[in-house]
Amino acid sequence: MTRIGLREFHSFEAAGQRYLYLVPSAAVFALDGCSAAVLDCLAEGPRPVDDLARELAARFDAAEVTDTIAELQRVRALGRSDAEPVPTPKVIPLKPVPLQTLVVNVTNQCNLSCSYCYEYGEDKIVDTENGKQPKFMTEATAREAVEFALRESRDNPRAHITFFGGETLMNFNVLKSTIAYARRRAAEAGKDIDFSLTTNATLLRPDVIEFLADERVGVTISIDGPEDLQDKFRVFNNGAGSYAIAAPKIKALLARHRSRPIGARVTLTKQTLDVRKIYRHLTGELGFWEVGFAPVTTAPGRDYAISEGGFDHLLSQFRDLAGEYLEASLQNRHHGFSNVRETLQEIHHGHAKAYPCGAGLGLMGVSTDGNVALCHRFAGSDDHQFGTVRDGVSFEKQQQFLQSHHIAGKTDCATCWARPICAGGCYHEAQTRYGSTNQPNLHYCEWIRGWTHTCLEIYGELAARNPSFLRQFEDEEFSEEVS
Amino acid sequence: MKHLTPVNRKAATVEAVTKDVYALQQQGGPPQQPDPPHIPNGCSLVFSPGWEADRSGGTAGLCQPVERDLFDCHMGCFWPAQVPDQLNHAPDWTAKCAAAQKDWRKIDLIFPDEKKK
Chain B
360 MTRIGLREFH SFEAAGQRYL YLVPSAAVFA LDGCSAAVLD CLAEGPRPVD
410 DLARELAARF DAAEVTDTIA ELQRVRALGR SDAEPVPTPK VIPLKPVPLQ
460 TLVVNVTNQC NLSCSYCYEY GEDKIVDTEN GKQPKFMTEA TAREAVEFAL
510 RESRDNPRAH ITFFGGETLM NFNVLKSTIA YARRRAAEAG KDIDFSLTTN
560 ATLLRPDVIE FLADERVGVT ISIDGPEDLQ DKFRVFNNGA GSYAIAAPKI
610 KALLARHRSR PIGARVTLTK QTLDVRKIYR HLTGELGFWE VGFAPVTTAP
660 GRDYAISEGG FDHLLSQFRD LAGEYLEASL QNRHHGFSNV RETLQEIHHG
710 HAKAYPCGAG LGLMGVSTDG NVALCHRFAG SDDHQFGTVR DGVSFEKQQQ
760 FLQSHHIAGK TDCATCWARP ICAGGCYHEA QTRYGSTNQP NLHYCEWIRG
810 WTHTCLEIYG ELAARNPSFL RQFEDEEFSE EVS
Chain L
107 MKHLTPVNRK AATVEAVTKD VYALQQQGGP PQQPDPPHIP NGCSLVFSPG
157 WEADRSGGTA GLCQPVERDL FDCHMGCFWP AQVPDQLNHA PDWTAKCAAA
207 QKDWRKIDLI FPDEKKK
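Protein chains in written order, with our numbering: chain B, 360 to 842; chain L, 107 to 223.
Quick look at the structure:
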């Protein structure tokens, strides 16, 4: 007698409705009474089909139960218990993937000395102070980076360049001329091109703001919250806080620059773990459209590292703020907690990721000397280099990277239901924590699962109560934040 | 589907791409593999799949116990194995071995007959 049992999925409930998040397909299905009953019956272990029908006979027609089982098998929520587990298919791109975003580090210098900085702090992987790279990218290298971005975008009609640092605006002159050059070259190549940058806001002079607004440059501001939180880590090299200088400039930017939504990007540490307070301040007082949060990247044991218990605390704060997002979304009001929006977008599309991010695929980083690496956080590191903007990247190196970093090789992730969305997490975080980009980030698994579960509930709630809200996520092309 | 409602885009894709397969299955479908899959029972023309390794590459599901290899090589197969000459020299070398799997230890060792030389 054939026995059937549960396959991999994560169930959740929202708006009184039961849902399945299927793994590894990342499909979300709503259950009816019969399918929920079948899954409940199988929760204790595999059983013969007839046995199931008999047990459910009082509540459901036998034919209905058989139908339901067939449907659940069809979406792979159920399977025969004697079937061998299907290994994760490992498909590596056979030809170069078009580049979507090139992150150009126009300088590795910064006018701030944030003590947690991954580029200058205790956990840096590239010697930015006394290393071989120039402190500022030259205009010639920047132009080569533009050519590289256009060339590697291949058949894509659009290229995107993100300027990064160091403090990006310390090399404003090169940035400015590069944008002009890139617009001209993109027009010649018949492509659209757009730009964004990340800055600490301290160098936003009126002429810079004018330029960014006129050129429709997307701006992300690194800021940690109100004065007391911002000034804990985001300080000048004499130790003075940066809030008093940054805040008025941010207000001026938000007042003038209306062509693109401007987001804040917050680094959370053990000492500044107050998500709601930070969100209120940044949206209410300063007027940001969106705020995204990320725990600080650090080796374990650093004073500012978020410890085990801290992640639980962080999750409960995220959940509170996500609750506000849900309330607002049910009433079709905007809420700027971008971590939820991004996760909902991922859930809505249901991409099952083979890699945690686009690094080395559709995204690469360029260091000040024109070396092309995995992403901006690795730009300048010889170990993570794929080539140069002059000579192009080695497809072979890229292939090797993709071979060794595929989710199929991450055995720790093999039984986790959140792997379609997480796929092991940030390479740079892993490099900092474990000394290898190959490692999954096991220190935040619980947090990722907790957060994904929360977002699934929000998604289910919206799907049941305000499905039209989800239509905004239909757009296939969405920009991913770089931080 | 009646009992499951696709909610996200991937779910809609799963429903769409499995539609044809599902319909075929419901009608009895295309010819199915017998269950469990066919296991060869003797030598093929050139190779003898299933003697050395089973279909999954292991030895748990061999079509014959490995101990029987000796007999298959000796009697039924062309596979050249070092076995005694059963016709002239050692007709009884397997006499105590009724079932190879159980009794293979009882197969006689054959030595050259010094006296007959």
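The C-beta atom is built at its ideal place from N, Cα and C for all residues, glycine as well.
Predicted model only: the values in this text are computed from it and were never measured.
| Asked | Found |
| --- | --- |
| Test: L:Gln202 CB closer than 8 Å to a CB of chain B | The sequence given here places Lys at residue 202 of chain L; Gln does not occur at that position. No, its Cβ sits nowhere closer than 8 Å to a Cβ of chain B. |
| Cβ neighbours of B:Arg413 in the same chain (closer than 7 Å, five flanking residues each side left out) | none |
| Local conformation of B:Val699 per DSSP, three classes | helix |
| Below-8 Å beta-carbon distance, L:Lys116 vs any chain B residue | yes |
| Contiguous alpha helix (DSSP H) assignments of at least 4 residues, all confined to the stretch 757-806 of chain B | 778-781, 786-793 |
| Integer-rounded CB distance, given that B:Ala664 should sit under 8 Å from B:Lys629 | 6 Å |
| Burial state of B:Ser688 (16 or more Cβ within 10 Å) | buried |
| Contact with chain L by B:Glu430, beta-carbon distance below 8 Å | yes |
| DSSP-derived helix/strand/coil call for B:Pro383 | coil |
| Residues that L:Leu110 contacts on chain B, provided the C-beta gap is smaller than 9 Å | Leu379, Phe388, Ala389, Leu390, Asp391, Ser394, Thr427, Glu430, Leu431, Arg433, Val434, Ala436 |
| Residue burial classification, L:Pro143 (beta-carbon count within 10 angstroms, cutoff 16) | At L:Pro143, the pLDDT of 48 sits below 50, so the modelled position is not reliable and the matter cannot be decided from this model. |
| Proximity winner among B:Trp806, B:Val731, B:Leu390, B:Phe828, relative to B:Glu506 (alpha-carbon distances) | B:Val731 |
| Chain-order list of residues whose beta-carbon lies under 8 Å from that of B:Phe745 (same chain, five-residue window excluded) | Gly719, Met723, Val731, Ala732, Leu733, Val752, Ser753, Lys756, Gln757, Phe760 |
| Other residues of its chain near B:Cys469: CB distance less than 8 Å, five sequence neighbours each side excluded | Cys476, Glu478, Tyr479, Gly524, Gly525, Glu526, Met529, Asn559 |
| Contacts of B:Gly709 in chain L (Cβ-Cβ under 8 Å) | Asn114, Arg115, Lys116, Ala117, Thr119 |
| In DSSP terms, what B:Met496 is bridged to | DSSP, once it has assigned bridges, lists no residue as partnering B:Met496. |
| Rounded Cβ spacing between B:Ala396 and B:Leu415 (contact assumed at less than 8 Å) | 6 Å |
| B:Ser384: contacting residues in chain L (beta-carbon distance under 9 Å) | Lys116, Ala117, Thr119, Val120 |
| C-beta neighbour in chain L for B:Ile325, strict 8 Å | No statement about residue 325 of chain B is possible, as the shown extent of chain B runs from 360 to 842 and does not include it. |
| Bridge-paired residues (DSSP) for B:Val731 | B:Val725, B:Gly746 |
| Stretch pair the stretch 797-805 of chain B + the stretch 771-785 of chain B: three plus CB contacts closer than 8 Å | yes |
| CB contact check: B:Ala822 to chain L, cutoff 8 Å | yes |
| Residue range of the unbroken beta strand (DSSP E) whose run includes B:Leu680 | No beta strand (DSSP E) holds B:Leu680; the alpha helix (DSSP H) holding it covers 667-689. |
| Nearest-angstrom Cα separation, counted from B:Arg510 out to B:Ile582 | 34 Å |
| Beta-carbon spacing of B:Leu682, B:Glu649 below 8 Å | For the sequence presented, residue 682 of chain B should be read as Gly rather than Leu. Going by C-beta atoms, B:Gly682 is not nearer than 8 Å to B:Glu649. |
| Range of the contiguous alpha helix (DSSP H) that encloses B:Gly392 | 392-400 |
| C-beta neighbour in chain L for B:Ile706, strict 8 Å | yes |
| Proximity below 8 Å, CB of B:Glu503 to CB of B:Arg749 | yes |
| The beta strand (DSSP E) enclosing B:Ser581, as first and last residue numbers | 577-581 |
| The stretch 593-605 of chain B in contact with the stretch 439-448 of chain B per 3-pair CB rule at 8 Å | no |
| CA nearest to the CA of B:Leu632, picked from B:Val655, B:Phe647, B:Pro620 | B:Val655 |
| Euclidean distance between Cα positions of B:Ala823 and B:Lys494 | 53 Å |
| Environment of B:Glu403 [buried if 16+ CB atoms lie within 10 Å] | exposed |
| Closest residue to B:Asp420 among B:Thr579, B:Cys814, B:Cys393, B:His694 (Cα-Cα distance) | B:Cys393 |
| C-beta atoms of B:Ala501 and B:Val465 nearer than 8 Å | yes |
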